[in-house]
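Asker:
Numbering (full-length UniProt numbering), first residue to last: 1 to 244.
#1: Using DSSP with H/G/I as helix, E/B as strand and the rest coil, what is residue 127?
#2: Can you give the Cα-Cα distance for residue 97 and residue 46, rounded to whole angstroms?
#3: One question on the structure: do residue 61 and residue 19 come within less than 8 Å of each other, judged by their Cβ atoms?
#4: Compare the beta carbon distance of residue 80 and residue 120 with 8 Å and say whether it is the shorter of the two.
#5: Take residue 104 as the anchor and find which of 232, 153, 201 and 4 has the nearest alpha-carbon.
#6: Quick one: Cα of residue 239 to Cα of residue 157, how far?
#7: For residue 205, which residues from the same chain have a beta carbon less than 7 Å from its beta carbon, with the 5 sequence-adjacent residues on both sides left out?
#8: If you follow the alpha helix (DSSP H) that residue 64 is part of, which residue opens it and which one closes it?
#9: For residue 231, is the classification buried or exposed, using 16 other Cβ atoms within 10 angstroms of its Cβ as the cut-off for buried?
#10: Alpha carbon to alpha carbon, what distance is there between residue 42 and residue 15?
#11: Measuring straight from C-alpha to C-alpha, what distance separates residue 166 and residue 233?
#12: In terms of residues, what are the limits of the alpha helix (DSSP H) holding residue 255?
#13: Leaving out the 5 sequence neighbours to the left and right, which residues in its chain are closer than 8 Å to residue 292 when beta-carbon positions are compared?
#14: DSSP on residue 105, reduced to helix/strand/coil?
#15: Which residues mark the beginning and the end of the alpha helix (DSSP H) in which residue 207 is found?
#16: Below 6 Å CB to CB, which residues in the same chain sit around residue 68 once its five sequence neighbours on both sides are set aside?
#17: On a CA-only basis, which of 100, 10, 70 and 169 is nearest residue 108? Give me that one, please.
#18: Mapping DSSP to helix, strand and coil, what is residue 135?
#19: What are the boundary residues of the beta strand (DSSP E) that includes residue 18?
#20: Do you know how far the Cα of residue 106 is from the Cα of residue 95?
#21: Rounded to a whole number of angstroms, what is the C-alpha to C-alpha distance between residue 125 and residue 3?
#22: Taking residue 228 as the reference, which of 130, 216 and 101 has the closest Cα?
#23: Use the C-beta contact count for residue 169: other C-beta atoms within 10 angstroms, 16 or more gives buried, fewer gives exposed.
#24: What does the alpha-carbon distance come out to for the pair residue 128 and residue 224?
#25: Distance check for residue 30 and residue 141, CA to CA, integer angstroms please.
Okay, structure coming up:
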C-alpha cells in the first residue's frame, strides 16, 4: 500500500480549540464541581499548540452554546490548519445536556463546522472530544427495543469525534484528591496525560486516541459498590494522517 497522505499541520499556531464545560443545571442534583476538568482540558489542547478559548457560561442553554461556537467560528482564519472542540456535560446517546435540562444534538454542533458553514476549514481536520454519558434516551429504552452500536451521528469528510464512552454507557468521574466536593473525569485525565507526554514529537491522532482508550480502560472504577469499566470510542471520517 502507498503511504497515506498527511494533513499539512504547522509546528505552531495550528488553529482554534473551543472548550465548553456545563456544570450548572436547573435540577441541582445534576450540578458538577468539575472546574478542574476545564483547566486540565485547556492544558491538554495547549500542548497540541492550539489557541484555546473557554466558554464563560457554566449555566448554558442550547442558544448559549450555539452563540459561543459561532463566535469561535468567526475567529477562524485561512491560516488555521485545523479546529478542535472539547465539550463536557451530562448527556445521552448523540446529545449533550444543557442547563435548562434540554438536550442539544451533537450532530447540530458538528454541522456548524461543515464546509458549507465554515469554508476556512474546507479540507482541514475538525476534531471533537465529548466528555458526557451516552446512555439511551427514554424512547430507545422502550421494552423490547435492543441496544445498538451507534451515536446517531453522520460525519462529513475530515471530521473526528472522540467520545469518553461507548454508545449506551456511562462516563464516570472520580473524587478529586483533598476535596470531596470536587470531581474529575477519567477521560479528561487520560487526554491530559497522553497529549502532554508526547516527548516533543508529533504523533498520529489514531495512536493518541488508542493510548487514551488504554489509559481509561485500565482505571479501576467503583460504582454503587460494583467494579465497572469505561471504554472511550472514536468515529472518524479523516481522509489523511493527522500528526499532532
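All C-beta atoms in this analysis are idealised placements derived from N, C-alpha and C, irrespective of residue type, glycine included.
Answerer: In short:
#1: Taking the first residue of the chain shown as 1, we reach residue 127 at position 127. Strand.
#2: Taking the first residue of the chain shown as 1, we reach residue 97 at position 97. Taking the first residue of the chain shown as 1, we reach residue 46 at position 46. Looking at the two C-alpha atoms, the distance is approximately 26 Å.
#3: Counted from its first residue, the chain shown places residue 61 at position 61. Counted from its first residue, the chain shown places residue 19 at position 19. In this structure, residue 19 does not lie closer than 8 Å to residue 61 by Cβ.
#4: Residue 80 sits at position 80 when you count from the first residue of the chain shown. Residue 120 sits at position 120 when you count from the first residue of the chain shown. Taking 8 Å as the Cβ cut-off, residue 80 and residue 120 qualify as a contacting pair.
#5: Taking the first residue of the chain shown as 1, we reach residue 104 at position 104. Of the candidates 232, 153, 201 and 4, the one whose C-alpha sits nearest the C-alpha of residue 104 is 153.
#6: Taking the chain shown and counting its residues from 1, the one referred to as residue 239 is at position 239. Taking the chain shown and counting its residues from 1, the one referred to as residue 157 is at position 157. Near 7 Å, if we compare the C-alpha coordinates of residue 157 and residue 239.
#7: Position 205 of the chain shown, counting from 1, holds the residue named residue 205. Correct list, in chain order: 160, 242 and 244.
#8: Indexing the chain shown from 1 puts residue 64 at position 64. Run containing residue 64: 62–74, per the alpha helix (DSSP H) assignment.
#9: For the purposes of this step, residue 231 is identified with residue 231 of the chain shown, where counting begins at 1. Looking at its Cβ environment, which holds fewer than 16 other Cβ atoms inside 10 Å, residue 231 is exposed.
#10: The residue you call residue 15 lines up with position 15 of the chain shown. The residue you call residue 42 lines up with position 42 of the chain shown. Rounded to whole angstroms, residue 15 to residue 42 spans 14 Å at the Cα level.
#11: Position 166 of the chain shown, counted from the start, is the residue given in the question as residue 166. Position 233 of the chain shown, counted from the start, is the residue given in the question as residue 233. Roughly 5 Å between the two C-alpha positions.
#12: This structure cannot settle anything about residue 255, because the visible part of the chain is limited to 1 through 244.
#13: Lying outside 1 to 244, the shown extent of the chain, residue 292 is not represented and no answer is given.
#14: Within the chain shown, residue 105 is the residue found at index 105, counting from 1. In this structure, residue 105 counts as strand in the three-state DSSP scheme.
#15: By one-based count along the chain shown, residue 207 stands at place 207. Residue 207 -> alpha helix (DSSP H) spans 205–217.
#16: Indexing the chain shown from 1 puts residue 68 at position 68. Counting only Cβ-Cβ distances below 6 Å, and skipping sequence neighbours, we find 55.
#17: Counting from one through the chain shown, the residue named residue 108 turns up at place 108. Checking every option, the nearest Cα to that of residue 108 belongs to 70.
#18: Here residue 135 is taken as the residue at index 135 of the chain shown, counted from 1. Strand.
#19: Position 18 of the chain shown, counting from 1, holds the residue named residue 18. Its beta strand (DSSP E) spans residues 15–21.
#20: Stepping through the chain shown from its first residue, residue 95 is reached at position 95. Stepping through the chain shown from its first residue, residue 106 is reached at position 106. About 5 Å.
#21: One-based indexing of the chain shown puts residue 125 at position 125. One-based indexing of the chain shown puts residue 3 at position 3. Taking the straight line from one Cα to the other gives about 19 Å.
#22: For the purposes of this step, residue 228 is taken as the residue at position 228 of the chain shown. For residue 228, the closest of 130, 216 and 101 by C-alpha to C-alpha distance is 216.
#23: Indexing the chain shown from 1 puts residue 169 at position 169. Classification for residue 169: buried.
#24: Taking the chain shown and counting its residues from 1, the one referred to as residue 128 is at position 128. Taking the chain shown and counting its residues from 1, the one referred to as residue 224 is at position 224. One C-alpha to the other measures close to 30 Å.
#25: Position 141 of the chain shown, counting from 1, holds the residue named residue 141. Position 30 of the chain shown, counting from 1, holds the residue named residue 30. Model confidence at residue 141 stands at a pLDDT of 42, short of 50, so the residue's coordinates are unreliable and nothing is read from them.
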